[in-house]
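Peer 1:
Chains as they are written, first to last, in UniProt numbering: chain A, 1 to 431; chain W, 1 to 316.
(1) What in chain W is Cβ-close to residue 443 of chain A, meaning under 7 Å?
(2) Checking 8 Å against the spacing of the C-beta atoms, do residue 376 of chain A and residue 89 of chain W come in under that value?
(3) Applying a beta-carbon distance threshold of less than 8 Å, which residues of chain A neighbour residue 149 of chain W?
(4) Any beta carbon from chain W within less than 8 Å of residue 241 of chain A's own beta carbon?
(5) With distances taken from CA atoms, which of W/189, W/208 and W/91 is nearest residue 261 of chain W?
(6) Using the C-alpha atoms, what's the distance from residue 235 of chain A back to residue 108 of chain W?
(7) Taking 8 Å as the threshold (C-beta atoms), are residue 381 of chain A and residue 281 of chain A in contact?
(8) What is the DSSP secondary structure of residue 108 of chain W, counted as helix, strand or coil?
(9) Please say whether residue 413 of chain A and residue 152 of chain W have beta carbons closer to each other than 8 Å?
(10) Since I believe residue 271 of chain W is in contact with residue 253 of chain W (beta carbons under 8 Å), could you give me their beta-carbon distance rounded to a whole number of angstroms?
(11) Interface residues of chain W around residue 222 of chain A at Cβ under 8 Å?
(12) Check each candidate in A/45, A/42 and A/61 and name the one with the smallest Cα separation from residue 332 of chain A.
(13) If you scan the stretch 115–169 of chain W from start to end, which runs of the alpha helix (DSSP H) of 4 or more residues do you find wholly inside it?
(14) Just grab the DSSP bridge partners of residue 190 of chain W for me.
(15) Considering only residues of the same chain and omitting the five flanking positions on each side of residue 373 of chain A, which have a CB-CB separation below 6 Å?
(16) So residue 169 of chain A and residue 294 of chain A are supposed to be a Cβ contact under 8 Å. How far apart are they, rounded?
(17) Assign residue 215 of chain W to one of three DSSP states: helix, strand, or coil.
(18) Rounding to the nearest angstrom, what Cα-Cα distance links residue 150 of chain W and residue 142 of chain W in this structure?
(19) Between the alpha carbons of residue 48 of chain W and residue 244 of chain W, how many angstroms are there, rounded?
(20) Taking the alpha-carbon positions, what's the residue 25 of chain A to residue 215 of chain A distance?
(21) Please confirm whether residue 78 of chain A and residue 38 of chain A have their CB atoms less than 8 Å apart.
(22) On the CB-based measure, 16 or more other CB atoms within 10 Å of its CB, does residue 91 of chain W come out buried or exposed?
(23) Specify whether the stretch 183–195 of chain A and the stretch 389–407 of chain A touch according to this definition: at least 3 beta carbon pairs, one from each stretch, less than 8 Å apart.
(24) Which residues in the same chain have their Cβ closer than 7 Å to the Cβ of residue 137 of chain A, if we skip the five residues on either side of it in sequence?
(25) Check the Cβ of residue 87 of chain W against every Cβ in chain A and list those closer than 9 Å, keeping chain order.
(26) If you draw a straight line from the C-alpha of residue 113 of chain W to the C-alpha of residue 238 of chain W, how long is it?
(27) Which residues does DSSP pair with residue 383 of chain A in a beta bridge?
(28) For a contact defined as C-beta to C-beta under 9 Å, what are the partners of residue 178 of chain W on chain A?
(29) Would you mind stating whether residue 40 of chain A and residue 81 of chain A have Cβ atoms separated by less than 8 Å?
(30) Does the Cβ of residue 165 of chain A have 16 or more other Cβ atoms within 10 Å, making it buried, or fewer, making it exposed?
(31) Could you tell me if the beta carbon of residue 243 of chain A falls within a distance shorter than 7 Å of some heavy atom in the ligand NAD?
(32) Against chain A, does residue 69 of chain W count as a neighbour if the rule is that its beta carbon must be under 8 Å from one of theirs?
(33) Along the beta strand (DSSP E) that carries residue 316 of chain A, what are the first and last residues, could you check?
(34) Just reading off the alpha helix (DSSP H) that residue 250 of chain W is part of, what are its end residues?
(35) On the DSSP letters alone, give me the boundaries of the beta strand (DSSP E) that residue 224 of chain W sits inside.
(36) Below 8 Å, how does it come out for the stretch 193–210 of chain W and the stretch 164–172 of chain W: are there three or more Cβ pairs, yes or no?
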């Protein structure tokens, strides 16, 4: 069915090119006669970014229509897309949602080499550099979230604890979390909240520890991060992993209904929190964003660049695309990953891969977004490293580290023992 | 596959006198019956062939290859199986699968049979309680997992609060403890499945002749003796069917564990089906995942064949 539709589009596009006398020319086919390219995304009702990009591109290039093709949300996106890619029925342009699967798509020959597009993008584009595989690029980032520290100003004041000033290390953060818990003095309110994902510990450890690597076979860099989190949950300064998982706690409600004074979370939460405060799902309170705490003082303070993590969300072109549409698709990618796409995304509160002043102005121009200097600094200035560095072994290693995470955080296995076990498993099972 | 039907009709249309007397009509009747039978099976078989048989046969081929779903599969012979021998995670998953089955099978059979016996009495509201017992089976597995996870919550869960009334010391950590996660999953698995098997046992109980019970009672047999010597032997066909079904279901357990513990903490509840899913759909090692699936397939086949043989012997 899809193939039929696609080939119909292909024929229509070819026919229109022939009719307008543009067929077979060397110049890019973009904007030469009406062209339709298809774009895969997920959950359009609650994920407006695809429609936004499609509309913005169509407005700038009235001859090109970007047709959306909806896939299931969550992990099912990759499964459904993989099936279509394997069957040769994937849309012309698709989102590489999870960085850990990028290399599989690339090696499977499903992605077109778009190094020329990557070469034309602003080198400042977040997450662009890690996408390079042996010098070639097969997908370009259009959005790049980074992890930040959200804090509730009112709870800080209530507890009499100084607000974050950008100079925090993780030890300062832990100390503040304990002071806050004690200072607020309410049974169900904790100083901070750590969500159950493995990235909430491992992402920071990997990004901030010098020499840390996923495929290096040495995971000792995780130990100090885990010990700190375990101490925090033992002290009652954050809900325990057991409580978070068995009660399916949602970070949005923990921070949004003031049950936690701090929350390390990705920049996507800015838009969510603003919307929830507006709709009344979240309480109305004053909040701010600070740079994520650092391993040591060498990267703290507003004169330095804080190190955080976040995987870029990228877009690639299917290798099954009709030859006549390749240039149009590339042009769409240039647009989505460039300043125009960034501006369109920022307007709906989404953090694009390319953050410039215009983007920051748009985000901080949204009603309900904190206006202080530190929030803007935290949002615009950071060195964001990928959580899932591009590599063949990443997916398998992440599974093993995910199991380490649940074993350690549930206090089923001591940190050192779990790390040794994970190292052995990677050596034996991943090779 | 539509030809047998056409043939059948043509056979039916043949004029009688042309056939040799005596023998042919019997053969033709046999053939006709067989064809009618096949026609009834056909829709089901067609579905089975397309959705089960072909994939299973493909599975055997894929298990002998290295394939990441894109492009051609590379023939690697028995390499995947050789790798299984030294794969610790596979051993863990295998062990956990047997752990689950070893407890889930007997507990589910005992629980569902007890329920069936209880609800086979002429009780007031028996229909209501039958529905109650059957309800978990038709409830969404995700809802079941979420609610049970909350009940099992070590700090705030009602189960531990209830237990603390009777026992002191450290409470079980249930789904967030390496030692207790599997028992927790087994409890929920049993609770969810027993209603369905109860229904099968209830149906079986209707076939137990009342006269036999009556005769035993007159001979002075007590309730336990009547159950052991009359009810249970009469239930053997049902028991056999239930045992086979529970066994296969236990070895294939997947969704419940995926939503309740996701195989954790660590690998405490990692079972074979989930390992297959991890290797295939998360890590794109479809060849290796298929090899694990082949192992699971043979475990199920062997256990079922053993049960059939045992049943045959008992029947004889």
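From the three backbone atoms N, C-alpha and C, an ideal C-beta is built for every residue, glycine too.
All figures in this text were calculated on a predicted structure; none of them were measured in a lab.
Peer 2: On the basis of the supplied data:
(1) Examination of residue 443 of chain A is not possible in this model, given that chain A is present from 1 through 431 alone.
(2) no
(3) 245, 246, 247 and 248
(4) yes
(5) Here the closest residue by C-alpha is W/189.
(6) 41 Å
(7) no
(8) helix
(9) Not in contact: residue 152 of chain W and residue 413 of chain A (Cβ atoms no closer than 8 Å).
(10) Contact holds; Cβ gap of about 6 Å.
(11) In chain order: nothing, as chain W lies at least about 15 Å away.
(12) A/61
(13) 126–138, 141–152 and 158–163
(14) Paired residue(s): none; residue 190 of chain W is not in a bridge.
(15) none
(16) 5 Å
(17) helix
(18) 13 Å
(19) 19 Å
(20) Note that residue 25 of chain A scores a pLDDT of 37, beneath 50, so its modelled location is shaky and nothing firm can be said.
(21) no
(22) exposed
(23) no
(24) 114, 115, 118 and 131
(25) Those within 9 Å of residue 87 of chain W in chain A are 428 and 429.
(26) 11 Å
(27) BP columns for residue 383 of chain A point to A/307.
(28) 407, 410, 412 and 413
(29) yes
(30) exposed
(31) As for the ligand NAD, it is missing from this structure, which has no ligand bound.
(32) yes
(33) 312–317
(34) 236–251
(35) Note, residue 224 of chain W: premise wrong, no beta strand (DSSP E); alpha helix (DSSP H) at 223–226.
(36) no
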